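> Before I ask anything, here is the structure I am working with.
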Ligand SMILES: Cc1cc2nc3c(=O)[nH]c(=O)nc-3n(C[C@H](O)[C@H](O)[C@H](O)COP(=O)(O)OP(=O)(O)OC[C@H]3O[C@@H](n4cnc5c(N)ncnc54)[C@H](O)[C@@H]3O)c2cc1C
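Residue numbers (this note's numbering): 82 to 660.
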């Protein structure tokens, strides 16, 4: 290895972590004929992005235009302002950053499509606040086509697996739960099963959702000459005269200095797997309730703080309500196995509510998962609500999946023995078993049942939004979101504010440059993904509000770094001009 400029190696651009924006930045750099290395500390590529649903919330994208769905820059900005823009004390979101997101997100999608990354739109995926100004009921969410991981050759085993081990797309997965309700549900089960059987015969290895996205990105990145290195954890930055010039990696017990001529992009995830940081920034939450992957340990964020980076929104996470059966907690740092856990899609069904220790319902159970968990933590400040109690009746149990078990099946005795699940013939008995106030619970259920019969939740308006209906049961009437809780036996199950990642970090500008508290950029330093304070502020506007920004700011960072040195004044920078 030849030493260059006091470095052991040198690249034009160095990316720390193989998260969402990493390969996007890598592809951009290669399109500008720059050398780029991605340094990943674990032995697998893709981060939590590969495990995720892999959907990207990109308003005004090309697929909407192709489908003739109305959207525009202005409408998207109106919605961003009505959601992210309402956040208080959230320096990650500014009018300039929101404008850059709405401009660069669609440009990023166009760029990836040109690079051979097969993307499409999920047509039915309402914005989470579709009733606010600029909200869209038709989907603004972009997803990767299914990917045959066998095409990766020897890299196949290095791609981090998805939470869905199914040879089916995310939209097909949404219909699998209808297996007992509709012909479409039955047909989807058949179609996915057949695809799996054919794959066995033909040697295909279909991966879906985030693994399909990151698998396709990996394939294109390798093809275009992005250097990707595993087991290469970055320890620190090399700083000269206040500018970041490279990173130090520990390799085989030795420190290796890697120079970066155009800059360093940090895409190293957040701190969901670090209890010490959670206790400091998001108290009352636990690493045992996170579905993130093992690398989400926050040391790069600490390193950035020690460089003097400005931070914001550190007390936010992408909360996800979770009923976690005993023994299924994330004890080993690998993240929850979601196939055995109940979450948003189950709890938002009819015949289901959430109550606190006083037996009182305190939110619309149908909205965004992030807001759901914010509500839980806020409620817990005045009334014990962590855990809360998920109350359902026999109608629910006969119709819907429950913690990975099929409708109408007996639940494991261990769940009852350990107090995770309680069952009783009357609501009063159920309340007593849980230590909930019986009068509180029966009054709550009486009110809810009257509203459910009328098909309108007068208290929390669950079911008023298209998104609440989408989350519920499309076959249920009069409301897709509401159903009475009246047929015994009744059940109560513990629910905690779990998460799929953190949402705060270093503050970056509209060029993805890391800023100091005085607003000045640290030269040569960019960041994206959950290492940063989200452009979405303290809210989750739609499906893909983590992965979308991670990709977009990775793209923006690479474009800026390449432009800053070599493209200033050029008519059209590689990847297209920003309008
Ligand atoms: C089951 C599940 C489903 C989800 N679905 C969606 C979805 O569909 N859409 C959406 O927007 N969000 C979704 N989320 C949330 C989303 O996946 C994450 O917020 C997002 O992927 C984080 O991406 P990232 O680019 O910040 O980092 P990551 O994808 O987490 O990658 C960071 C990488 O950096 C590596 N790293 C860390 N430290 C170092 C270091 N010192 N040196 C080198 N490498 C390092 C890590 O090992 C990791 O590989 C989901 C999450 C889960 C768990």
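Yeah, the Cβ is synthetic: ideal placement off N, Cα and C, and Gly gets one too.
Bear in mind the structure is a predicted one, so any value in this text is a computation, not a measurement.
Check whether the Cβ atoms of residue 394 and residue 450 sit closer than 8 Å, and answer yes or no.
The answer is no: Cβ separation not under 8 Å.
> Around the Cβ of residue 608, are there at least 16 other Cβ atoms within 10 angstroms (buried) or fewer (exposed)?
Buried.
> Could you give the DSSP three-state label for residue 409: helix, strand or coil?
Coil at residue 409, not helix or strand.
> Looking at ligand 1, does it come within less than 7 Å of residue 489, judged from the CB to the closest heavy atom?
No, the beta carbon of residue 489 sits no closer than 7 Å to any heavy atom of ligand 1.
> If you pair each beta-carbon of the region 140 to 156 with each one of the region 221 to 236, do three or more pairs fall below 8 Å?
These segments touch.
> Taking 8 Å as the cut-off, decide whether the C-beta atoms of residue 117 and residue 107 are in contact.
It is a contact, given that the beta carbons lie within the stated cut-off.
> In chain order, what residues of the same chain have a beta carbon less than 7 Å from the beta carbon of residue 427, not counting five sequence neighbours either side?
For residue 427, where only same-chain residues beyond five positions count, the Cβ hits under 7 Å are 481, 482, 483.
> Check whether the Cβ of residue 180 sits closer than 7 Å to any heavy atom of ligand 1, and report yes or no.
No; taking the cut-off as 7 Å, the Cβ of residue 180 has no heavy atom of ligand 1 nearer than that.
> Tell me the rounded alpha-carbon separation between residue 525 and residue 288.
If you take the alpha carbons of residue 525 and residue 288, they lie about 44 Å apart.
> Look at the alpha carbon of residue 280 and the alpha carbon of residue 286, and state the distance between them as a whole number of angstroms.
So the two alpha carbons sit approximately 6 Å from each other.
> Hey, is residue 87 close to ligand 1, as in C-beta under 7 Å from one of its heavy atoms?
Flag unset: Cβ of residue 87 not near ligand 1.
> Just to confirm the assignment: which complete alpha helix (DSSP H) runs, minimum length 4, are found wholly within the region 440 to 500?
Here the runs fully enclosed are 450 to 460, 475 to 480, 494 to 498.
> Which of the three DSSP states, helix, strand or coil, is assigned to residue 614?
In the structure shown, residue 614 sits in coil (DSSP, three-state: anything other than H, G, I, E or B).
> Who are the near neighbours of residue 187 in its chain, counting only those whose CB is closer than 7 Å to its CB and skipping five residues on each side?
Excluding sequence neighbours, residue 187 sits near 139, 141, 142, 143.
> Considering only residues of the same chain and omitting the five flanking positions on each side of residue 603, which have a CB-CB separation below 8 Å?
Taken in chain order, the residues that qualify are 323, 324, 325, 388, 389, 390, 594, 595, 596, 597.
> Are residue 518 and residue 439 closer than 8 Å when you measure CB to CB?
Result yes, Cβ atoms of residue 518 and residue 439 sit closer than 8 Å.
> Ligand 1 and residue 122: does the residue's C-beta get closer than 7 Å to at least one heavy atom of that ligand?
Yes, since a heavy atom of ligand 1 falls inside the 7 Å radius drawn around the Cβ of residue 122.
> Kindly indicate which three-state DSSP category residue 647 falls into: helix, strand or coil?
The predicted model places residue 647 with a pLDDT of 46, which falls under 50 and marks its position as unreliable; any figure quoted below should be read in that light. In this structure, residue 647 counts as helix in the three-state DSSP scheme.
> Over the uninterrupted alpha helix (DSSP H) stretch that includes residue 517, give me the two end residues.
First-last for residue 517: undefined, no H or E at that position.
> Which word fits residue 641, buried or exposed, when buried means at least 16 other C-beta atoms lie within 10 angstroms of its C-beta?
Classification for residue 641: buried.
> Are three or more beta carbon pairs between the region 402 to 420 and the region 357 to 373 nearer than 8 Å?
Touching, per the Cβ criterion.
> Suppose only complete runs of 4+ residues qualify. What are the alpha helix (DSSP H) ranges in the region 542 to 575, listed by chain order?
Correct list: 547 to 552.
> Going by C-alpha distance, which of 495, 621, 411 is nearest residue 355?
Measuring from the Cα of residue 355, the nearest candidate turns out to be 411.
> Expressed to the nearest angstrom, what Euclidean distance is found between the alpha-carbon atoms of residue 275 and residue 259?
Taking the straight line joining both Cα atoms gives about 18 Å.
> Within a Cβ cutoff of 6 Å, which residues of the same chain sit near residue 532, ignoring the five residues on either side of it in sequence?
Closer than 6 Å at the Cβ level, and outside the excluded window around residue 532, lie 538, 539.
> Per DSSP, residue 423 is paired with what?
Answer by DSSP bridge pairing, in chain order: 404.
> Residue 643: buried (16+ other C-beta within 10 angstroms of its C-beta) or exposed?
When all chains shown are included, residue 643 counts as buried.
> Which residues in the same chain have their Cβ closer than 6 Å to the Cβ of residue 618, if we skip the five residues on either side of it in sequence?
The answer, listed in chain order, is 165, 168, 171, 174.
> May I have the straight-line CA-CA distance separating residue 268 from residue 433, to the nearest angstrom?
Those two C-alpha atoms are separated by around 27 Å.
> Classify residue 339 as helix, strand or coil using the three-state DSSP reduction.
Correct three-state label for residue 339: strand.
> For the alpha helix (DSSP H) containing residue 252, name the first residue and the last one.
Residues 251 to 257.
> Taking the straight line between their C-alpha atoms, what separation do you get for residue 128 and residue 134?
Between residue 128 and residue 134, the C-alpha separation is close to 12 Å.
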